[in-house]
DNA sequence: GACTTTGCTTGACACTTGTCAAGAAATCTC
DNA sequence: GAGATTTCTTGACAAGTGTCAAGCAAAGTC
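Protein chains in written order, with full-length UniProt numbering: chain A, 1 to 215; chain B, 1 to 215.
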């Protein structure tokens with residue numbers, strides 16, 4: 001489990017009672033969730049602290065009570081987000097009994113998250129781009145990239161296993177390829193929400209077998 | 001040839017002489033080039049018109065003399081950029097006499113542009129991400145994506161030709177895959193400028209043969 | 001050389017931004 | 001329930017933003 005709380009926040013002197021620290025943490029999470037919703041809608045650049053506060057039940061001063069500054073908040077959000085996104089396919093990987101079943105489960109889950117969590121994916125690609133310019137974001141972004149790479153790698157190795165063969169590319173390559181397809185789908189989704197889904201599944205389906213040696 | 005000038009700019013009433021319109025166009029290009037330099041350095045979000053003017057030989061008022069507003073400028077920049085980037089590999093495609101030669105030329109050119117035009121690539125991925133939030137950018141971004149897809153497709157079909165076979169994926173898929181690898185390299189380049197180059201070439205080398213049917 | 005058009009500079013405007021601080025409100029402690 | 005502590009609200013600040021307009025400089029026109 002990732003300890004999101006050990007961040008670099010102001011850490012106001014903690015109250016004596018045990019529930020206090022948790023309460024603070026819960027407020028942080030609530031703020032982060034609200035912030036993520038706004039961020040996903042508007043993107044990193046256009047999201048101000050006031051906008052985040054407006055779209056939440058809090059006022060803009062509260063943000064500064066729980067986070068040192070904007071980067072601290074965004075950073076926290078990214079780390080919070082991270083803990084939620086990289087285990088999406090784990091169940092599919094564990095329960096699939098054949099390569100076809102795994103592929104089908106992966107594809108359907110992928111299409112589902114594309115549709116249901118579009119804003120989050122948009123935000124992710126935005127943040128990764130921002131990290132190229134804003135050094136402070138790089139560690140967090142790199143950590144998520146790592147997590148996602150491992151996620152894809154788990155899927156691919158299991159897929160190869162079930163096919164009685166081995167991956168034909170290494171982990172970073174596999175991740176870059178699948179991510180390229182997914183990002184394309186996310187970008188296209190803005191223009192054509194209806195078609196993007198099927199195009200994605202079709203393309204991943206096309207590519208997946210090429211990532212392992214033929215059995 | 002793309003007519004960049006037919007944009008939506010203010011279009012001040014043109015002087016009678018023929019050189020006048022060209023002079024305006026040349027100023028626009030000069031401003032765009034300066035803006036692109038700043039944009040590549042700072043990214044879309046952090047680049048203000050004043051910053052663009054400061055890093056150029058002009059003052060911030062001139063920008064508004066030649067461009068209606070900020071989006072008009074950025075839009076123009078993107079379209080100007082587009083005309084320069086999608087023909088990078090054309091010479092390699094035309095002169096290569098064998099599949100290996102084509103692959104080698106492609107890889108070396110790709111590595112070269114990664115290193116020499118890093119800011120431009122960063123900016124491109126930034127802009128594409130922004131286009132998911134800013135509708136006005138979408139047409140321009142989509143046009144560039146299209147151009148790049150065709151570029152990759154020219155390379156792949158020629159590569160298949162020279163190998164005496166055919167592409168095993170369609171154009172959008174091929175583009176998404178290669179682009180995934182390239183974007184990963186651009187992001188990594190920020191953290192590790194030395195290693196990113198070789199990692200990219202290695203990975204593309206690994207993948208390229210899998211995009212065509214084995215001869 | 002006067003006059004008009006074009007090109008550019010400067011300074012201002014309305015607005016948004018992140019940040020902070022003073023104090024009200026709520027909560028806890030005894 | 002009084003007092004202390006935590007939590008939150010409100011209003012303000014300086015800095016930065018896009019935009020524009022008034023006026024100066026330069027170039028072209030007759």
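All C-beta atoms in this analysis are idealised placements derived from N, C-alpha and C, irrespective of residue type, glycine included.
By the rule that beta-carbons nearer than 8 Å mark a contact, residue 210 of chain A touches chain B. For residue 46 of chain B, the C-beta contacts it makes with chain A under 7 Å involve 133, in order along the chain.
Under the three-state reduction of DSSP, residue 212 of chain B is assigned to strand. Taken atom to atom, the span from the alpha-carbon of residue 97 of chain B to that of residue 50 of chain B is near 49 Å. The alpha-carbon separation between residue 138 of chain B and residue 132 of chain B amounts to approximately 7 Å. Inside the stretch 101-137 of chain B, DSSP marks whole alpha helix (DSSP H) runs of 4 or more residues at positions 118-131, from first to last along the chain.
Contacts with chain B (Cβ-Cβ distance below 9 Å) from the stretch 163-180 of chain A involve 168, 169, 170, 172, 173, 175, 176, 177, 178, 179, 180, listed in chain order. In summary, residue 175 of chain B is buried, with 16 or more beta-carbon neighbours lying within 10 Å of its beta-carbon over all protein chains present.
For residue 71 of chain B, the uninterrupted alpha helix (DSSP H) run begins and ends at 70-85, by DSSP.
Sequence-ordered contacts of the stretch 178-198 of chain A with chain B read 178, 179, 180, 181, 183, 184, 186, 187, 190, 191 [C-beta pairs closer than 8 Å]. In the DSSP assignment, residue 167 of chain B is bridged to B:212.
Burial of residue 47 of chain A is indicated by the presence of at least 16 other C-beta atoms within 10 angstroms of its C-beta. Cβ contact annotation for residue 115 of chain A (same chain, cutoff 7 Å, sequence separation greater than five): 197, in chain order.
Taking a Cβ-Cβ threshold of 7 Å, none of the residues of chain B is close to residue 73 of chain A; the smallest such distance is about 16 Å. In the DSSP annotation of this structure, the continuous segment of the alpha helix (DSSP H) that includes residue 194 of chain A starts and ends at 193-207. Cβ-Cβ distances below 8 Å link residue 214 of chain B to 165 in the same chain, with the five nearest sequence neighbours on each side left out; the list follows chain order. Residue 172 of chain A sits buried, since 16 or more C-beta atoms from the chains shown fall within 10 Å of its C-beta.
Judged by DSSP secondary structure, residue 66 of chain B falls within the alpha helix (DSSP H) whose first and last residues are 60-66. Here DSSP, grouped into helix, strand and coil, assigns residue 96 of chain A to coil. For residue 107 of chain A, same chain residues with a beta-carbon under 8 Å away, outside a window of 5 residues either side, are 201, 204, 205 in chain order. Here the alpha carbon of residue 153 of chain B sits roughly 9 Å from the alpha carbon of residue 167 of chain B. Contact between the stretch 173-192 of chain B and the stretch 178-197 of chain A is present, with at least three C-beta pairs closer than 8 Å. Nearest in C-alpha terms to residue 127 of chain A, of all of A:74, A:192, A:185, is A:74. For residue 55 of chain A, no alpha helix (DSSP H) segment is defined, and its DSSP state is neither H nor E.
The beta carbon of residue 42 of chain B sits closer than 8 Å to some beta carbon of chain A.
Take residue 121 of chain A, set aside five residues on each side of it, and the residues of its chain with a beta-carbon closer than 6 Å to its own are 186, in chain order. For residue 206 of chain B, at least one C-beta of chain A is nearer than 8 Å to its own C-beta.
Residues of chain A whose Cβ lies closer than 7 Å to the Cβ of residue 125 of chain B are, in chain order, 129. Residue-level contact check: residue 50 of chain B does not touch chain A, since none of the beta carbons of chain A fall below 8 Å from its beta carbon.
Residue 43 of chain B sits in coil when the DSSP states are folded into three classes, being neither helix nor strand. Contacts with chain A (Cβ-Cβ distance below 8 Å) from the stretch 88-114 of chain B involve no residue at all. When only Cα atoms are considered, residue 123 of chain B and residue 119 of chain A end up about 21 Å apart. Assignment of residue 34 of chain B by DSSP, reduced to helix, strand and coil, places it in the helix class.
Taking the C-beta atoms as reference points, residue 103 of chain B is found no nearer than 8 Å to residue 129 of chain A.
Looking only at A:101, A:147, A:208, the smallest Cα-Cα distance to residue 84 of chain A is reached by A:147. Neighbours of residue 160 of chain B in chain A, taken as residues at a C-beta separation under 9 Å, are lacking, since the least C-beta distance is about 14 Å.
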